[in-house]
Each structure stands twice: as C-alpha cells, then as structure tokens.
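Chains as they are written, first to last, in my numbering: chain A, 41 to 469; chain B, 70 to 188. Where a beta carbon is used, it is the ideal one built from N, C-alpha and C, also for glycine. In this text, all values refer to a predicted model and were calculated from it rather than measured experimentally.
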Ligand SMILES: [Zn+2]
Ligand SMILES: [Zn+2]
C-alpha cells in the first residue's frame, strides 16, 4: 500500500491532548512518543488537532493523525475520540505490538481490541480526580463512572508508567499491582544559557504554566503584593494558555494592586520559555495543597525546567515537588497556600544573590545528573523491553474476562460491553 | 516558484517549501515531488485520510458524518452500548463548555479544554 494508512505500524501512541502545543503535556508527549517510535521503527501518533494543524502528517516512518471534530460536550468529545482511535487502530491490527496511551478514552479502544499486544498506560494524572477540580458541576456518580473506566483500562494494561511516586500510589490505590507500575520521571534538557529575551525587565520573578486554580496563581499574586517595596522587581507570567483564559487572574492582580508590575506572555514556544526562565531571579511554583495536587499528585514540569535553567525555585512543599528538589539545596520549599511565607522565601533569595545562584547551579547539576529527558527515555525504553519480554503469560494470569472471537461488527464489542455494564452497575450502587 | 505547502515536523512544525511539481487532485494544494503520491499526485494528508476510510478531509460534511457515526456507536445508547459509555444525560450535563473553571466564558476553541491533565 502506497501512502494511505501507513502500511502496518508496530507501535502506536494515543493521547486526548492537542499536539503540538505550548502546554507542558506536549513536551512530554513529544519525548515519550519519540522514544516509542525510535524503539519500534516508527509508528502512529493519534492526538487532538484543530487550530490549523493538519489532520494527517507523515514524517518518514512516523504518521500523525489528529482528531479535530468540534464536539462541545467533553464526555461526548472524549467518546467520539475513542471511536476515532478504534478506526485508526483497525488498519494496524495485524502488525501492532505495543500501544502507548495517556488517558482512559485513548486506552479503552486499545484494551478492547482483540488480539495480543502490549499496552503501556502512562498516567500523568487521573481524570476521576482532576475533573472534580476542572468541572465543578460534575456529580459524584459521573466521577465514579470515570473512575471505573480508569480501573477497567488500567487493569488491562501491561505496564503503568507514572512520572512521580505520588501518582504511583494513587494508581496502586486503584488496584494496580506494584510490579506493573513503573516510575519514569519527567525530564528537561540542560542547555547553554539562552540569550536574554528582548523586553525582559531588569529584575523579575517568573511563573510558567497554565492558569487553573490549583496552580496557585492567587497565592503568588498575594505574595507579590507583599513585595511591593522591592523597587523595579516585576513578575513575568509565561502562560501556556491563550490570553482570554487569564481574565480571572488578571482581575485578581488588579484588585491586589499589583497589575502594573506584572508582565504577561501567552502561549510562547518552548525555547522562548526557557530563555525567560534562565534570566529570572527566582522561578515560583505556588501549587495549592488541594486534593488534585496531593492525592493524585502531579509532576510539575515547570520545576524541572526551572532547575535545568539554573534558576532557584520557590515551590510549594508538596510530596510530588519534594521528589524533585530539596529545600535549601535547589531552592526553597514553602507551605502551600501561604502568601506570607512564599513572599518571605522569595525576599530572602533576593537578599542573598550568591546563595541563590549556588542553589540554581546545584539544581542544574541535579537535572544534568539524573533528570534529563535522556534519562526518562532510557527508563521508558526499558519498560518497552520488559513488556515485550513479558509474553502472554503475564497477561493471561490476570483476572480479566477474555472472550475469544468476541465482537463481529466492532472489535472487542462484547468484551467492552460486558465489562462496561458490570462496571456501570457497581458505580451506581 | 510555487512552494510545496505540506506541513512538516514533529514537535516544531513548518512548511515543506520545496518546489511544487503538481497540485493534489483532492484538495488542490501545491505538492513537491517528494510529497506527491506516485501516479495519483495526492498530498500526504489526503492519502492518509483515504487510507483510514475517510473521503475528503476538506469537505465540511466530513466532520458531521464522522461525529454522527460516533454518536451512534458510543454515546447515544445507554443500556445497549458498544463501548463503555455508561454516562447518562445528567452525567454529561456537567461537562458542557463554560461549566469548567473558566466560569461563564462559554468559549470552546482549539486551545481550550483539550487534555485531561496538565503539569
Ligand atoms: Zn490533498
Ligand atoms: Zn513537499
């Protein structure tokens, strides 16, 4: 077959996430998918598109397919994506050896597809926890069903890859046995110091990332208000989201009287963010102490990227952050949700620039020595080797219903239906 | 010279820019020798779309048809479902655009609401 649906890939990676984009998740997807395709001689990447991205792209032995149907309701959209993934698996059924997925809606059609192939499920967060925060009107019942869907997919995966031990514990809490959970930390690339961004203020604190409530921008703004006496000090917010998303945070900055000292940059390309990090006095990661960050855990790329840039970090003292940096060693850890303590830690770093610089340097070395993307990718490659070596036994030993010849019109239909119905009943109770 | 306008790249995207030798019979875009399918001269995007069973990705009805098929297969049927789909209308109701943390914005754009988790 010339062109068409690339003749039989051995590997596929699916994520319900736009790619590429300016979000941290896109950096992560690029690294993980690149390693997968390097290990299996190319493959298919299935992601979200829109915004002028082509539906299909071919780069040598890699194929990128993008789902861009404009379906407003998130659940409808996610389910449509599952159907789309199923369609895109179909031409590769005979050849696929490994599928790497990033969320339950990508995982469902993969685990329901008949035939033997390895499934690597990468859990960067659990929608059943996360969506309680992003969608305040979501009912307990709805979140319970999402949890059952997660469980259904996780228990049918050969390996579950997590970026932090906290997320690993959350996955174990869903019943995944320890030996199937593999830690593959996030990474960053340690590069030469980039040039100062044009228009950068003389002295500034930097915040990098999205603007959801759990990022703690409100805590940072309050802390910044307490630093009003530090003349010329500005706060640069490199938001990974479009400008209209910033309205609530901007309103708050105005209310607190700090708006005039805050500079905004939106959806910058990754390399430009690196330059803003490198020339900042301090990088702040004010994550809140909410369930999303504590129970589910997180693996804040901004902390790793700040460390790689050699800038001292002031971050909330959360277990997931402690896995990455030590207080007093690579920066400062402060209690979450406490503007006064955050402000004090920043002030001290600014007053002792030599010690701050030493922290930045140690942070940079810490990344270079063990948290580069090369390290992460080597770990991931070993996960692929392990699941490939695992053979059928590992899978059949699991307590998973397996109906031979199930599903005539839709692959895996009966399998998914039976299990799904059971799960739904459990969730209703 | 007419440049080939096929999108290239993995994480950082660009345009091919090589000299175009033909235009895709499906979508009409200019394609270089390297990107044109042998014989037919289709662009890679149209070729791939065809391989996955979709006709013309530039036809506005494409999305509509695709979406309808998904609905039939997944979300519309609660008790007799092909897929997992156990979400009823009440469950779904909380996940409309504008109901998320950006209260009242009501917008749904290509940069919004994509992905479930963000570091
Ligand atoms: Zn074309
Ligand atoms: Zn070209």
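Query: Heavy atom of ligand 1 within 7 Å of residue 98 of chain B beta-carbon; Result: yes
Query: Closer than 7 Å: residue 319 of chain A CB and nearest ligand 1 heavy atom; Result: no
Query: Whole-angstrom distance between residue 83 of chain A and residue 48 of chain A, CA atom to CA atom; Result: 9 Å
Query: Cβ of residue 158 of chain B within 8 Å of any chain A Cβ; Result: no
Query: Chain-ordered neighbours of residue 96 of chain A on chain B, where CB pairs are closer than 7 Å; Result: 113, 114, 117 and 118
Query: DSSP bridge partner residues for residue 304 of chain A (one or two, in chain order); Result: A:277
Query: Residue 72 of chain B - partner residues in DSSP beta bridges; Result: B:88
Query: Beta-carbon gap between residue 132 of chain A and residue 199 of chain A smaller than 8 Å; Result: no
Query: Runs of beta strand (DSSP E) lying entirely within the region 317-347 of chain A, each at least 3 residues, in chain order; Result: 322-325
Query: Cβ-based burial, residue 104 of chain A [other Cβ within 10 Å; buried from 16]; Result: buried
Query: Residue 224 of chain A and residue 193 of chain A closer than 8 Å at C-beta; Result: no
Query: Residue from A:356, A:98, A:50 and A:229 whose Cα sits closest to the Cα of residue 156 of chain A; Result: A:50
Query: Cβ contact (3+ pairs, closer than 8 Å) linking the region 152-171 of chain A and the region 122-136 of chain A; Result: yes
Query: Contacts of residue 163 of chain B in chain A (Cβ-Cβ under 7 Å); Result: 175, 177, 178, 179 and 182
Query: Chain D within 8 Å of residue 415 of chain A, Cβ atoms only; Result: Of the chains in the structure shown, none is chain D; the protein chains are A and B.
Query: Ligand 3 heavy atom lying under 7 Å from the CB of residue 104 of chain B; Result: This structure lacks ligand 3; the ligands present are ligand 1 and ligand 2.
Query: Where residue 166 of chain B meets chain A, residues with beta-carbon distance less than 7 Å; Result: 112
Query: Within 7 Å of chain B by C-beta, residues of the region 400-427 of chain A in sequence order; Result: none
Query: Residues near residue 91 of chain A in its chain [Cβ-Cβ closer than 8 Å; skip 5 each side]; Result: 58
Query: Minimum Cβ-Cβ distance from residue 122 of chain B to chain A less than 8 Å; Result: yes
Query: Within-8 Å CB hit, residue 171 of chain B to chain A; Result: Residue confidence for residue 171 of chain B is low, a pLDDT of 45 falling below 50, so the modelled location carries little weight; the figure read from the coordinates is stated next. Closer than 8 Å to some Cβ of chain A, the Cβ of residue 171 of chain B qualifies, so yes.
Query: Partners in chain B for residue 131 of chain A, counting only beta-carbon separations shorter than 9 Å; Result: 120, 121 and 122
Query: Proximal chain A residues relative to residue 76 of chain B, where beta-carbon distance stays under 8 Å; Result: 93, 94 and 97
Query: Ligand 1 heavy atom lying under 7 Å from the CB of residue 111 of chain B; Result: yes
Query: Residue 284 of chain A CB to nearest heavy atom of ligand 2 below 7 Å; Result: no
Query: Three or more C-beta pairs below 8 Å linking the region 366-382 of chain A and the region 298-315 of chain A; Result: no
Query: heavy atom of ligand 1 below 7 Å from residue 73 of chain B C-beta; Result: no
Query: Those runs of the alpha helix (DSSP H) which lie wholly inside the region 134-173 of chain A and span at least 4 residues; Result: 144-152
Query: Delimiting residues of the alpha helix (DSSP H) encompassing residue 111 of chain A; Result: No alpha helix (DSSP H) contains residue 111 of chain A, which DSSP labels as neither H nor E.
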